[in-house]
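One gets our numbering by counting positions in the sequence shown from 1 and adding 179 to each. For reference, the structure is listed below as structure tokens.
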Amino acid sequence: MATVDPYDWIKADLQTLHRAGWHRSPRNSPSLPGPRVQWEGREVIQFASNDYLGLSGDSRLITAACEAAHLYGTGATGSRLLSGERPLHRELELALATWKGTEDCLVFSSGYLANLGVIPAVMGKPDLVLADRLNHACLNSGMQLSGATSLHYDHGDPDALEALLDTHRHRYRRCLLCTDSVFSMDGDLAPLPRIAALAHRYECMLLVDEAHATGVLGASGAGAVEHFALSSPLIEMGTLSKALGSLGGYICGHRELIDYLRNRAKTWVYTTGLSPADCGAALRAVQVVACEPERRAQLWRNIRRLQVGLAQLGLKPLPGESAIVCLPVGNIEHTQKFASGLLSRGFYAPAIRPPTVPTSRIRFSLMATHTEVMIDGLLAAIGALSISAPSQA
Ligand SMILES: *Cc1c(COP(=O)(O)O)cnc(C)c1O
């Protein structure tokens with residue numbers, strides 16, 4: 180009897196991806212992280228890293244990771260509830276809590292797992308989650324997993340959020356508002372003061388994802404919550420894998436919340452603790468960020484230099500106040516051509532296209548370790564390409 184291969188559909192789906200021009204695969208980049216990297220066999224200046232403070236290749240973090248591995252081994256050997264935790268786990272959590280000005284903190288094995296753990300832990304079937312339409316994928320996954328009713332409001336629009344609260348809030352037990360503070364594919368900031376006021380008025384919890392703001396915004400680099408001086412009780416989520424140059428995620432908040440998550444967040448209870456090397460590197464990063472504010476100052480000088488340079492070329496990046504600067508240069512095809520043009524001039528920045536975002540753009544991420552010469556070189560390349568393809572549609 181002829182049978183159908185039960186895996187045939189994968190081939191068909193891959194073909195669909197290829198036909199739509201949506202198929203992607205990672206490129207080889209065998210370098211120590213930094214602005215200058217090997218990219219598919221050639222040296223380029225890259226504007227594609229979340230390593231905003233340039234710490235991922237910092238010798239102090241590398242040493243801290245090695246020392247932690249020598250002291251405590253390469254693996255955490257099991258869930259922290261079953262196999263115990265290393266002193267570094269709590270040291271890191273307390274350092275993060277002190278920095279963020281919260282009572283306590285819990286570190287997860289990634290930022291994705293933090294959001295996937297916290298939302299289903301605090302939300303269930305009788306509850307309502309309201310989320311910005313452009314939130315990161317892991318907030319959406321967490322919402323789905325929680326079984327709560329989930330609705331999206333228009334991006335960055337607190338009036339739309341208020342309308343949803345007015346209509347729906349009273350029919351649900353608990354309500355959680357969820358937003359990125361810096362949006363990862365646009366680089367703009369959520370209107371957190373208005374959202375926090377709505378959370379208070381409608382008796383909602385508020386989860387703020389500080390993945391791209393930690394180390395970048397606020398007087399001490401603690402993030403957008405510090406930048407806006409928000410004081411209301413929050414669930415503050417962040418990652419150790421962007422400005423902190425390591426791997427892992429965290430939730431900061433009040434003592435009961437963290438104690439509750441240690442018992443109820445399945446992506447923490449049922450998974451192996453963060454590795455000693457990742458903990459050691461992240462802890463060292465928190466210390467470096469505290470005593471070297473000049474790294475953040477340099478990052479902001481770099482951000483301004485690119486913004487001002489683009490304006491001088493008559494180009495309009497998307498509005499934003501972060502290390503992510505997005506430049507629309509036309510449709511999908513134009514955007515891809517523009518990115519290839521940059522690459523042929525020695526600069527790598529990714530073309531971000533549908534379905535990841537509604538409209539195509541080149542996305543530049545800046546680092547404290549980019550030099551003025553690198554940024555001016557990028558601007559010259561952008562200028563040359565804009566003249567040859569003057570499409571700002
Ligand atoms: C990167 C990112 C995450 C996930 O963090 P990882 O530690 O990389 O898993 C979560 N939220 C946002 C907004 C992000 O940009």
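We put the beta carbon where it would ideally sit given N, CA and C, even for glycine. Bear in mind that the values here come from a model prediction, so they are computed numbers and not experimental data.
So what does E222 bridge to, in DSSP terms? Here residue 222 is taken as the residue at index 43 of the sequence shown, counted from 1. DSSP lists Q217 as partners of E222.
Is DSSP giving V552 helix, strand or coil here? On the sequence shown, residue 552 is found 373 positions in, with the first residue counted as 1. Looking at V552 - three-state DSSP - the assignment turns out to be helix.
Cα-Cα separation, L292 to L285: Position 113 of the sequence shown, counted from the start, is the residue given in the question as residue 292. Position 106 of the sequence shown, counted from the start, is the residue given in the question as residue 285. So the alpha carbons of these two residues sit roughly 12 Å apart.
Residues near L485 in its chain [Cβ-Cβ closer than 6 Å; skip 5 each side]: Numbered from its first residue, the sequence shown carries residue 485 at position 306. Cβ within range, chain order: V504 and I554.
Which residues mark the beginning and the end of the alpha helix (DSSP H) in which E264 is found? Taking the sequence shown and counting its residues from 1, the one referred to as residue 264 is at position 85. That residue, E264, is in no alpha helix (DSSP H); it is neither H nor E in DSSP.
Bridge partner(s) assigned by DSSP for R540: Position 361 of the sequence shown, counted from the start, is the residue given in the question as residue 540. I531.
Going by beta-carbon coordinates alone, are E270 and L462 separated by less than 8 Å? For the purposes of this step, residue 270 is taken as residue 91 along the sequence shown, with counting starting at 1. For the purposes of this step, residue 462 is taken as residue 283 along the sequence shown, with counting starting at 1. A contact, by the Cβ cut-off of 8 Å.
When the Cα atoms are used, what is the spatial distance from L396 to A403? The residue labelled residue 396 in the question sits at position 217 within the sequence shown. The residue labelled residue 403 in the question sits at position 224 within the sequence shown. Near 6 Å, if we compare the C-alpha coordinates of A403 and L396.
Would you kindly work out how many angstroms separate the C-alpha atoms of T550 and V223, rounded to a whole number? Counted from its first residue, the sequence shown places residue 550 at position 371. Counted from its first residue, the sequence shown places residue 223 at position 44. When rounded, the distance between both Cα atoms is 14 Å.
Ranges of the alpha helix (DSSP H) found wholly within the region 408-481, counting only runs of at least 4: List check, alpha helix (DSSP H) in window: 434-443, 445-448 and 455-470.
Per DSSP, what kind of secondary structure is T358 in: helix, strand or coil? Here the question's residue 358 lines up with position 179 in the sequence shown. Correct three-state label for T358: strand.
Please name the residue or residues paired with C317 in a DSSP beta bridge. The residue you call residue 317 lines up with position 138 of the sequence shown. For C317, which the question treats as bridged, DSSP gives no partner whatsoever.
Under 8 Å between C-beta atoms of S289 and L426: Along the sequence shown, one-based indexing puts residue 289 at 110. Along the sequence shown, one-based indexing puts residue 426 at 247. For S289 and L426, yes; Cβs fall inside 8 Å.
For L253, three-class secondary structure by DSSP: Your numbering for residue 253 matches position 74 in the sequence shown. Going by the sequence as given, residue 253 is Thr instead of Leu. T253: coil per DSSP, three-state reduction.
Host alpha helix (DSSP H) of V504 (start-end): As a first step, residue 504 is located in the sequence shown; it is residue number 325 there, counting from the start. That residue, V504, is in no alpha helix (DSSP H); its beta strand (DSSP E) goes I503 to L506.
If you check the beta carbons only, do L478 and M546 fall under 8 Å apart? Looking up residue 478 in the sequence shown gives position 299. Looking up residue 546 in the sequence shown gives position 367. Cβ distance < 8 Å, so L478 and M546 count as in contact.
I'd like to confirm something about N319: is its beta-carbon nearer than 7 Å to some heavy atom of ligand 1, or not? The residue you call residue 319 lines up with position 140 of the sequence shown. No, since every heavy atom of ligand 1 falls outside the 7 Å radius drawn around the Cβ of N319.
Which runs of the alpha helix (DSSP H) spanning at least 4 residues fall entirely within the region 277-347, listed in chain order? 290-301, 316-325 and 337-347
Do G213 and T548 have their beta-carbon atoms positioned less than 8 Å apart in this structure? The residue given as residue 548 occupies position 369 in the sequence shown. The residue given as residue 213 occupies position 34 in the sequence shown. In this structure, G213 lies closer than 8 Å to T548 by Cβ.
With distance defined between alpha-carbon atoms, name the residue in S363, V308, K279 and H202 nearest to S228. Position 49 of the sequence shown, counted from the first residue, corresponds to residue 228. Measuring from the Cα of S228, the nearest candidate turns out to be S363.
C-alpha gap between L193 and T393, whole angstroms: Counting from 1 along the sequence shown, the entry for residue 193 is found at position 14. Counting from 1 along the sequence shown, the entry for residue 393 is found at position 214. Looking at the two C-alpha atoms, the distance is approximately 36 Å.
Any contact of the region 297-313 with the region 338-350, i.e. 3+ C-beta pairs under 8 Å? yes
Which residues bound the alpha helix (DSSP H) around L521? Within the sequence shown, residue 521 is the residue found at index 342, counting from 1. I511 to S523 is the span of the alpha helix (DSSP H), which, as asked, contains L521.
Check whether the Cβ of A444 lies closer than 7 Å to any heavy atom of ligand 1, and answer yes or no. Here residue 444 refers to the residue found at position 265 when the sequence shown is read from its first residue. No.
Shorter than 7 Å, the distance from the beta carbon of D367 to the closest heavy atom of ligand 1, or not? Within the sequence shown, the letter at position 188 stands for residue 367. Flag unset: Cβ of D367 not near ligand 1.
Check the DSSP bridge columns for D187 and list the partner residues they point to. Start at 1 with the first residue of the sequence shown, and residue 187 comes out as number 8. Bridge partners of D187: none, in fact.
Does the beta-carbon distance from T451 to G254 come in below 8 Å? Within the sequence shown, residue 451 is the residue found at index 272, counting from 1. Within the sequence shown, residue 254 is the residue found at index 75, counting from 1. Yes, they are a contact pair.
Going by C-alpha distance, which of A528, D365, M322 and L436 is nearest P537? The residue you call residue 537 lines up with position 358 of the sequence shown. Looking at the Cα atoms, D365 is the closest of the given residues.
Environment of Q571 [buried if 16+ CB atoms lie within 10 Å]: As a position in the sequence shown, residue 571 is number 392, starting the count at 1. Bear in mind that the predicted position of Q571 carries a pLDDT of just 47, short of 50, making it unreliable; the figure below should be weighed with that in mind. Exposed, because fewer than 16 other Cβ atoms sit within 10 Å of the Cβ of Q571.
Thinking C-alpha only, which one of N207, F226, R206 and S501 is nearest R215? Residue numbering aside, residue 215 sits at position 36 when the sequence shown is read from its first letter. Minimum Cα distance to R215 is reached at F226.
Quick one: any contact between the region 196-212 and the region 430-438, if contact means 3 or more CB pairs under 8 Å? no
H391: beta carbon under 7 Å from a heavy atom of ligand 1? Walking along the sequence shown from the start, residue 391 turns up at place 212. Answer for H391: yes, Cβ within range of ligand 1.
Look at S501 and V361 and say whether their C-beta atoms are less than 8 Å apart. Within the sequence shown, residue 501 is the residue found at index 322, counting from 1. Within the sequence shown, residue 361 is the residue found at index 182, counting from 1. Yes, these two residues count as a Cβ contact at 8 Å.
Hey, would you say the C-beta of Y231 is under 7 Å away from at least one heavy atom of ligand 1? One-based indexing of the sequence shown puts residue 231 at position 52. Checking the Cβ of Y231 against ligand 1 gives no.
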